[in-house]
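Visitor: Please see the structure below; I have some questions.
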Amino acid sequence: MDAQLIAFTGVAAGMVAMPGADFTVVVRNALVSRRAGVACALGIAGGLLLHTALAVAGVATVLAAVPALFRALQLLGGGYVLYLGARTLWSLRRPRAVAAEAAGTGSSAVRPLRQGFVTNALNPKAPITFLSLLPQFVPAGSPALPRTLLLALIVVVLALLWFPAVALLVDRLGRWLREPRAARAVEGVTGAALTLLGVLLLLEPLRAA
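Number 23 in this note's numbering belongs to position 32 of the sequence shown; there are no gaps in the numbering.
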């Protein structure tokens, strides 16, 4: 057994499952429909695939070396998360059917897929995290590229397991969660969480400036 590989899988699983904007966006979309939730989850996995590819390519080094670019991406990502939160809270002002339509679901999975991808892809901390984490699990003397690609693949597979599972669980509980009062309460919580996350993401680069 490869002890380093097992250790990395555990660390990566914790990182993927950690509640944050990704988790909240999946829950928000899964409340509307299973299709929307799973599509959003696949979008997040796509964002992680992008980050791991960037880390493997070494592009994340540029973000670490150019603070202004890193802060710009933080502001962009924070602004997008804040927009999703504000939009969710605003939808509470309208009837449930209209709010669902405003969430961009309907029969199409394109918008939730895009929301998941953009939410994850605009997180500049992800490539920095991968850049600092992946090399620690490459055995000394081993070819770096094949091992790094394997570690990156593990992260993406974990995301493909975790986020669709979250979406399916929320959908399974949907009969209760979609009751008018419960639905509004959950939408209010997810909207407030996204708004708070967006504000925090925006404040962080402004404090560092």
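Think of the CB as a built atom: it goes at the ideal place given N, C-alpha and C, for glycine as much as any other residue. Every value quoted in this text rests on a predicted model; they were computed, and no experiment measured them.
Are the beta-carbon atoms belonging to G76 and L185 less than 9 angstroms from one another?
Guide: As a position in the sequence shown, residue 76 is number 85, starting the count at 1. As a position in the sequence shown, residue 185 is number 194, starting the count at 1. Yes.
Visitor: On a CA-only basis, which of A3, L40, G5, V72 is nearest L193? Give me that one, please.
Guide: Locating residue 193 in the sequence shown gives position 202, counting from the first residue. L193 has its Cα closest to that of V72, out of A3, L40, G5, V72.
Visitor: For R138 and L144, what's the separation of their Cα atoms in angstroms?
Guide: Taking the first residue of the sequence shown as 1, we reach residue 138 at position 147. Taking the first residue of the sequence shown as 1, we reach residue 144 at position 153. The alpha-carbon separation between R138 and L144 amounts to approximately 10 angstroms.
Visitor: Please name the residue in A112, A56, F154 whose C-alpha comes closest to that of L67.
Guide: Mapped onto the sequence shown, residue 67 falls at position 76. Closest option to L67, Cα to Cα, is A112.
Visitor: Could you tell me the distance, in whole angstroms, from the CA atom of G56 to the CA atom of A117?
Guide: Within the sequence shown, the letter at position 65 stands for residue 56. Within the sequence shown, the letter at position 126 stands for residue 117. Strictly speaking, residue 56 in this sequence is Ala, with Gly absent from that position. C-alpha separation (whole angstroms): 15 angstroms.
Visitor: Out of V109, V148, A44, which one is the CA nearest neighbour of A3?
Guide: The count along the sequence shown starts at 1 and reaches residue 3 at position 12. Taking only the C-alpha atoms, the option nearest A3 is V148.
Visitor: Quick check: what's the CA-CA separation for D162 versus I35?
Guide: Along the sequence shown, read from residue 1 onward, the residue named residue 162 stands at position 171. Along the sequence shown, read from residue 1 onward, the residue named residue 35 stands at position 44. The straight-line gap from Cα to Cα measures roughly 18 angstroms.
Visitor: What does a CB cutoff of less than 6 angstroms around G38 pick up in its chain, not counting 5 residues either side in sequence?
Guide: One-based indexing of the sequence shown puts residue 38 at position 47. Leaving aside the five residues that flank G38 on each side, the residues in its chain whose CB is nearer than 6 angstroms to its CB run, in chain order, F108, N111, A112.
Visitor: CA-CA distance, V29 and L22?
Guide: Mapped onto the sequence shown, residue 29 falls at position 38. Mapped onto the sequence shown, residue 22 falls at position 31. Their Cα atoms are separated by approximately 11 angstroms.
Visitor: Which word fits Q127, buried or exposed, when buried means at least 16 other C-beta atoms lie within 10 angstroms of its C-beta?
Guide: Position 136 of the sequence shown, counting from 1, holds the residue named residue 127. So Q127 counts as exposed.
Visitor: Measuring straight from C-alpha to C-alpha, what distance separates S99 and S24?
Guide: Translated into the one-based positions of the sequence shown, residue 99 becomes position 108. Translated into the one-based positions of the sequence shown, residue 24 becomes position 33. Using only the alpha carbons, I get a separation of about 11 angstroms.
Visitor: Where does P58 fall in DSSP's three states?
Guide: Taking the first residue of the sequence shown as position 1, residue 58 is located at position 67. Here P58 sits in helix by DSSP.
Visitor: Tell me whether the beta-carbon of L136 lies closer than 9 angstroms to the beta-carbon of V47.
Guide: Translated into the one-based positions of the sequence shown, residue 136 becomes position 145. Translated into the one-based positions of the sequence shown, residue 47 becomes position 56. In contact: L136 and V47 (Cβ atoms closer than 9 angstroms).
Visitor: In its own chain, which residues sit with a C-beta less than 8 angstroms from the C-beta of Q106, not counting the 5 before and 5 after it?
Guide: Here the question's residue 106 lines up with position 115 in the sequence shown. The answer, listed in chain order, is V16, N20, C31, G34, L75, G95.
Visitor: At the level of alpha carbons, what is the spacing between L142 and W153?
Guide: Sequence index remark: in the sequence shown, residue 142 carries index 151 (1-based). Sequence index remark: in the sequence shown, residue 153 carries index 162 (1-based). Between L142 and W153, the C-alpha separation is close to 17 angstroms.
Visitor: Apart from the five residues on each side of it in sequence, which residues of its chain come closer than 6 angstroms, Cβ to Cβ, to P155?
Guide: What you label residue 155 is simply residue 164 of the sequence shown in a count that begins at 1. Cβ within range, chain order: V29, A32.
Visitor: Assuming contact is defined by CB atoms lying nearer than 9 angstroms, are Q(-5) and E195 in contact in what I supplied?
Guide: The residue given as residue -5 occupies position 4 in the sequence shown. The residue given as residue 195 occupies position 204 in the sequence shown. Not a contact, by the Cβ cut-off of 9 angstroms.
Visitor: Can you give the Cα-Cα distance for W81 and G189, rounded to whole angstroms?
Guide: Position 90 of the sequence shown holds residue 81. Position 198 of the sequence shown holds residue 189. If you take the alpha carbons of W81 and G189, they lie about 15 angstroms apart.
Visitor: G5 lies in the alpha helix (DSSP H); which residues open and close that run?
Guide: Taking the sequence shown and counting its residues from 1, one reaches residue 5 at position 14. Taken as a continuous stretch (DSSP letters only), the alpha helix (DSSP H) holding G5 covers -6 to 8.
Visitor: Determine the closest residue to D13 out of A150, V129, T79, with distance taken between C-alpha atoms.
Guide: Counting from 1 along the sequence shown, the entry for residue 13 is found at position 22. Answer by Cα proximity: A150.
Visitor: Quick check on V47: does DSSP put it in helix, strand or coil?
Guide: The count along the sequence shown starts at 1 and reaches residue 47 at position 56. Helix, per DSSP.
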